[in-house]
Amino acid sequence: MNSQSNPKYWAVVPAAGSGQRMRAEVAKQYLQINGKPILQITLETLLNHSSIEQVVVCLASDDQHWTSLPCAEHARIISATGGASRAQSVLNGLLALSSTTSICNEDWVLVHDAARPCLDQHMLDKLLEELVDDPVGGLLAIPAKDTLKYACGTDQRIERTLDRARVWQAQTPQMFRFGVLRDALQRALEAGLEITDESFAVEQAGYQPMLIEGDALNIKVTTPEDLQIAQKILETNSSN
Ligand code: CTP
Ligand code: MG
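Counted the way the working numbering counts, the sequence shown spans residues 2 to 241.
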């Protein structure tokens with residue numbers, strides 16, 4: 002048994018979305034960048050980190066592509082069935098971890114979008130290092146650069162200007178203690194909240210997750226233009 006002083010690290014990769022905004026024939030995690038499926042690139046980054054024990058990938062129930070990926074057979078990968086929402090997919094992944102591994106409540110779980118293939122190892126190291134003694138967890142995020150306006154209703158008129166110094170854009174990985182995250186997601190889903198990231202569920206449970214400054218290049222591939230941008234970023238990363 003590992004104790005709180007020696008927690009292990011695990012990862013969950015939600016990959017059960019259909020990529021509506023990408024408008025492609027296949028879900029965006031299976032589109033290729035430089036000849037490699039996005040999901041394969043994302044999983045390799047996590048598998049290449051020696052501290053991560055195992056990675057759970059959460060797949061759509063009608064997924065037809067997973068088994069053709071080289072990493073589908075990897076010894077450190079477990080697959081789980083995703084859910085109707087990203088939060089449900091992540092919770093299913095956490096439950097798969099608890100039923101198939103020795104995970105403890107104090108262990109760390111990194112949740113990372115399948116659609117963020119540009120994460121680099123330095124950012125992963127930074128997240129692990131800065132949270133090492135934290136009781137709850139936190140996430141990679143980017144301090145806002147532009148002045149931010151908060152709109153009133155839907156008529157595109159400004160209600161107020163936000164204090165930019167306090168606004169951050171959330172990314173993934175988001176890393177939390179397993180017990181904290183599982184309970185927070187379960188409670189938020191039962192309450193019917195719209196959960197857009199893990200941190201939101203943890204905030205709703207009364208915690209204040211830590212913001213760790215990330216890299217703007219860790220983009221989420223969302224629309225067709227993002228494919229070219231991600232390709233450029235990955236080419237630059239690999240030449241450094
Ligand atoms: N995701 C998931 N289960 C869902 C919905 C989303 O596992 N029910 C995953 C996606 O596969 C993606 C990540 O959550 O890796 C972030 O979601 P997003 O970028 O919104 O992806 P999609 O939901 O697939 O895209 P869209 O919103 O454009 O349909
Ligand atoms: Mg979505």
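All C-beta atoms in this analysis are idealised placements derived from N, C-alpha and C, irrespective of residue type, glycine included.
query                                                                                                                        : result
The stretch 219 to 233 touching the stretch 22 to 39, judged by at least three CB pairs closer than 8 Å                      : yes
Every unbroken beta strand (DSSP E) inside the stretch 165 to 213 [3 residues or more]                                       : 169 to 178
Close-in-space but distant-in-sequence residues of the same chain around Trp-11 (CB under 8 Å, 5 per side omitted)           : Ile-53, Glu-54, Gln-55, Val-56, Val-57, Leu-98, Thr-102, Ile-104, Asp-108, Trp-109, Val-110, Leu-111, Phe-179
As assigned by DSSP and simplified to three states, the class of Thr-1                                                       : Residue 1 lies beyond the range of the chain shown here (2 to 241); nothing can be said about it.
Distance cut-off 7 Å: Gly-18 Cβ against heavy atoms of ligand 2                                                              : yes
For Ile-234, the three-state DSSP class (helix, strand or coil)                                                              : helix
Heavy atom of ligand 1 within 7 Å of Gln-21 beta-carbon                                                                      : yes
Sub-8 Å separation of Leu-15 and Ser-90 beta-carbons                                                                         : The question names Leu, yet the displayed sequence has Pro at residue 15. For Pro-15 and Ser-90, yes; Cβs fall inside 8 Å.
Coil, strand or helix - Val-91 by DSSP                                                                                       : helix
Check whether Pro-210 and Gly-94 have beta carbons under 8 Å apart                                                           : no
DSSP state of Lys-221 mapped onto helix, strand, coil                                                                        : coil
Stretch pair the stretch 72 to 83 + the stretch 28 to 36: three plus CB contacts closer than 8 Å                             : no
Among Thr-43, Ser-80, Cys-119, Ser-100, nearest to Glu-236 - alpha-carbon criterion                                          : Cys-119
Ligand 1 heavy atom lying under 7 Å from the CB of Pro-15                                                                    : yes
Ordered list of alpha helix (DSSP H) runs contained in the stretch 14 to 78, each at least 4 residues                        : 39 to 48
Chain-order list of residues whose beta-carbon lies under 6 Å from that of Thr-43 (same chain, five-residue window excluded) : Ala-115, Pro-118
Thr-162 versus Ile-196: straight-line alpha-carbon distance, rounded                                                         : 25 Å
Cβ neighbours of Tyr-151 in the same chain (closer than 8 Å, five flanking residues each side left out)                      : Ile-159, Glu-160, Arg-161, Thr-162, Leu-163
Cβ-based burial, Glu-214 [other Cβ within 10 Å; buried from 16]                                                              : exposed
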